[in-house]
Structures are given as C-alpha cells and as structure tokens.
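Structure, as structure tokens:
Residue numbers (UniProt numbering): 1 to 96.
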C-alpha cells in the first residue's frame with residue numbers, strides 16, 4: 001500500500017509541472033531578431049480586442065534570407081511574448 005501512495009505522490013508532482021497557458025508561461029520569451037514584431041520594442045498600438053493568453057503567428061524573412069515563423073502570446077498587460085520560433089528549411093527535397 002505504501003508503494004502505491006508514493007507512486008501517486010510522485011505522479012502528482014510530475015503533473016503539476018505540465019500545466020500550460022499564458023499564465024503559467026514563466027519564460028521571458030525569445031529575444032527578438034530583425035523582422036520580429038517586437039524587434040524595436042513593443043508595438044505602440046495595443047491589441048485590445050484580442051483576449052489575454054491568445055496566440056498568433058507572424059512569418060517573415062530574417063537578415064540571412066531564412067523563412068521564420070514566430071508564435072506570439074498576448075500578456076495581461078497587452079504586451080507580446082515570443083513563445084516559439086521556427087526556421088523553415090531553405091531547400092525542399094519534396095518532388096511534388
């Protein structure tokens with residue numbers, strides 16, 4: 001009986017670290033690069049109609065010609081957080 005209780009406590013502790021959502025996003029986000037919406041600071045216009053915690057993508061070409069897609073999250077103070085950044089491959093080996 002003690003073994004199952006110990007396993008349950010360990011499992012509960014592990015699950016508490018698996019929460020998602022903007023309120024639990026503890027990172028400061030990624031550093032902006034040229035082409036990012038927040039590269040020269042936060043935008044002057046606030047996203048007042050978008051709900052806090054919502055996310056949206058932004059695609060651009062960086063200074064080396066790579067295709068970049070960033071995912072932004074709207075914080076409670078209406079500033080933007082770069083949550084993810086993906087670089088698309090330069091060459092496609094797909095024959096289609």
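Idealized CB from N, CA, C, for every residue including glycine.
Pull up the distance between the alpha-carbon of residue i and that of residue j, whole angstroms please.
{"i": "residue 53", "j": "residue 73", "result": "6 Å"}
{"i": "residue 32", "j": "residue 39", "result": "5 Å"}
{"i": "residue 43", "j": "residue 36", "result": "11 Å"}
{"i": "residue 49", "j": "residue 75", "result": "13 Å"}
{"i": "residue 61", "j": "residue 83", "result": "18 Å"}
{"i": "residue 34", "j": "residue 71", "result": "15 Å"}
{"i": "residue 64", "j": "residue 56", "result": "24 Å"}
{"i": "residue 46", "j": "residue 80", "result": "9 Å"}
{"i": "residue 86", "j": "residue 66", "result": "10 Å"}
{"i": "residue 51", "j": "residue 30", "result": "21 Å"}
{"i": "residue 89", "j": "residue 58", "result": "17 Å"}
{"i": "residue 77", "j": "residue 41", "result": "14 Å"}
{"i": "residue 68", "j": "residue 28", "result": "20 Å"}
Can you tell me whether DSSP reads residue i as helix, strand or coil?
{"i": "residue 90", "result": "coil"}
{"i": "residue 61", "result": "strand"}
{"i": "residue 73", "result": "strand"}
{"i": "residue 55", "result": "strand"}
Would you list the residues sitting across from residue i in a DSSP beta bridge?
{"i": "residue 68", "result": "60 and 87"}
{"i": "residue 82", "result": "72"}
Would a check of beta-carbon distances place residue i closer than 8 Å to chain C?
{"i": "residue 69", "result": "The question asks about chain C, but that chain is absent: this structure has only one protein chain."}
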